[in-house]
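A short write-up of the structure that comes next.
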Amino acid sequence: MTVAIVLLALFGSAWLLAVIEGWITTGRLSPAAPLYSGLAHLGRESIVPRSPDRVFFEAAPVLLMVVAVLGMAVLPLAPDLVIADLGTGGLFINAALAYVLVAVIMAGWGPDGAYAMIGGWRFLGQLIAYSMLIVMPITAVAMRAESLVNTAIVGSQESLWNIVYQPLGFVLFFIAAMALSFRAPFDLPTAEGELGGGVDAEYTGVRLAVLRLARLTLVVTLASTTTVFYLGGWYGPLLPPWVWSLVKTLAVAVSMMLAGRYLPRIREADLMRWCWVLGIPLALVNIIIVGLLILVVP
Amino acid sequence: MSAGQQYLLLLGMALGVVCVVLSLYGLGRAIGPTRQEPGKDVPASSGVLSRDPVWGRYHARYYGYALLFLAFDMEMAFMYPWAVVYKEVGMVALLDMGVFLAILFLGLLYGWSQGAFRRQ
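As you go down the protein sequences, you meet chains R and D in turn. Here the first sequence is numbered in our numbering, starting from 1 and rising by one per residue. Here the second sequence is numbered in our numbering, starting from 1001 and rising by one per residue.
This is the structure we're talking about:
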């Protein structure tokens, strides 16, 4: 039952996100457009490139989808509305999200096409940049909650949300989450203008539909992660807990997309340089500040 | 639920997602099969199939970063258990990890001074 509700929330949010994305880009609000688009993809040809690494080519969209769903499985929507409240929840999210890289590299390597290959390698460079900014802020969150259980992490924010307690960590995590979901301005692996779709370039038909759905789901999962770690999860006045979770998740996801719309694409070399020269020292400072705060203000 | 059951549930979900995707593939095939024609399956490269494998043409120039990344990634393996018990142990834990992080940070500074973060 819980599984069904959480999955419904996940894919419902992904659908809403697709509608909003269409609304932002085209100015038309058409709720059925994602469904039509998906159906159209089902009817199109699914071409497999001539000399692919067939296993990688087929595995990539499926793996991305599995990763997004598994990440969501350990995130609570409400105190009792979580599929698996693992003792190592914070770490599990990390471990699951690490496979995003694997999936994208597989999608890049599989078809043996130049654009896809360059997209895959670029995402590897992007990982070296963003990865530390994902894991270090999570450590600071776990320090405050004294636990890696996600419900306990939300519970620790009852009086004060983490976005107020550790704003620096939130900013770093938000940027890193955007980079991890490889949407604009961090859409290096799929850069439409310069790589002709990048890792998407060789995918057609139903495989492309799965890949795109997986990317949207990944955005929802990451927005939900941000909500759980920094925005106090289900806490909020008046409305029932799960509504607050969904509202916050959608707000984060939409702000990610809006931010992407108004920023130019970042070069991989610049991204790596900024993340290492600026981001990682700031993340360490965040850990030290939070450490002192915890000792001073219990 | 015990931990074992939770992991089983997660495994089941992973398999379930795979099954859903496979059934989507089946549906796509049922609606209309793909006709295999010569020339249709050339990867996007101006219509010409490249002679050599394409990975030979792109050089991943971030091995300096990759080495630093390895160091920091190993450090994170220690940070998680440390973070969980941090409040109990208190100031000593902060100092211990501070020394450890300072040494790593020196590595970062050294790499910076040697131009590890410059575009190659």
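Yeah, the Cβ is synthetic: ideal placement off N, Cα and C, and Gly gets one too.
Within the region 88 to 111 of chain R, those residues whose Cβ lies closer than 7 Å to any Cβ of chain D are, in chain order, LEU91, PRO111. Annotated three-state conformation of D/LEU1024 is helix, per DSSP.
Annotation: D/LEU1106 has no Cβ neighbours in chain R at a cutoff of 9 Å; minimum Cβ distance is about 12 Å. Look at D/ALA1071 here: in three-state DSSP terms it is helix. Within the DSSP secondary-structure output, R/ALA78 pairs in a beta bridge with R/LEU81.
Apart from the 5 residues on each side of it in sequence, R/GLU158 sits with its Cβ closer than 7 Å to the Cβ of TYR235 in its chain, given in chain order. D/GLY1016 carries a helical assignment under DSSP once its states are collapsed to helix, strand and coil. Just so you know, the alpha carbons of R/TYR230 and R/ALA269 end up roughly 29 Å apart. Burial state of R/HIS41 is buried, judged by a 10 Å Cβ sphere holding 16 or more other Cβ atoms. Within the region 129 to 177 of chain R, no run of beta strand (DSSP E) reaches 3 residues while sitting entirely inside it. For D/GLY1047, no chain R residue has a Cβ inside 8 Å of its Cβ, as the nearest lies near 12 Å away. A straight line joining the alpha-carbon of D/LEU1070 with that of D/GLY1107 spans about 12 Å. Taken in chain order, the members of the region 1064 to 1079 of chain D whose beta-carbon sits within less than 9 Å of a beta-carbon on chain R are TYR1065, ALA1066, LEU1068, PHE1069, PHE1072, ASP1073, MET1076, MET1079.
Judged by DSSP secondary structure, R/ILE105 falls within the alpha helix (DSSP H) whose first and last residues are 89 to 109. Exclusion of the five residues before and after R/TRP244 leaves TRP234, GLY236 as the residues of its chain whose Cβ lies within less than 6 Å of its Cβ. For R/ASP200, the number of other beta carbons within 10 angstroms of its own is at least 16, and it is reported as buried. Taking a Cβ-Cβ cut-off of 7 Å, the neighbours of D/TYR1062 in chain R comprise GLY125, ILE128, MET272, given in sequence order.
Note that the C-beta distance between D/TRP1055 and R/MET106 is not below 9 Å. In this structure, the CA atom of R/ASP53 is about 44 Å from the CA atom of D/ALA1102.
Taking a Cβ-Cβ threshold of 8 Å, the residues of chain D close to R/ILE280 are PHE1072, LEU1108, in chain order. For the options D/LEU1010, D/ILE1031, D/VAL1021, the alpha carbon positioned closest to that of R/ARG212 is the one of D/VAL1021.
The C-beta distance from R/VAL210 to R/PRO61 rounds to 4 Å, short enough to meet the 8 Å contact threshold. As the crow flies, the alpha-carbon of D/TYR1058 is around 11 Å from that of R/GLY120.
A straight-line Cα-Cα distance of about 11 Å links D/SER1050 and R/SER51.
Cβ-Cβ distances below 7 Å link R/VAL254 to ILE20 in the same chain, with the five nearest sequence neighbours on each side left out; the list follows chain order.
Interface with chain D (9 Å Cβ-Cβ cutoff): R/TYR165 is excluded. Sequence-distant partners of R/ALA59 (beyond 5 residues in either direction) whose C-beta falls short of 7 Å from its own C-beta, in its chain, are MET106. When C-beta atoms of the region 159 to 178 of chain R are compared with those of the region 279 to 286 of chain R, three or more pairs fall below 8 Å, so the two segments count as touching.
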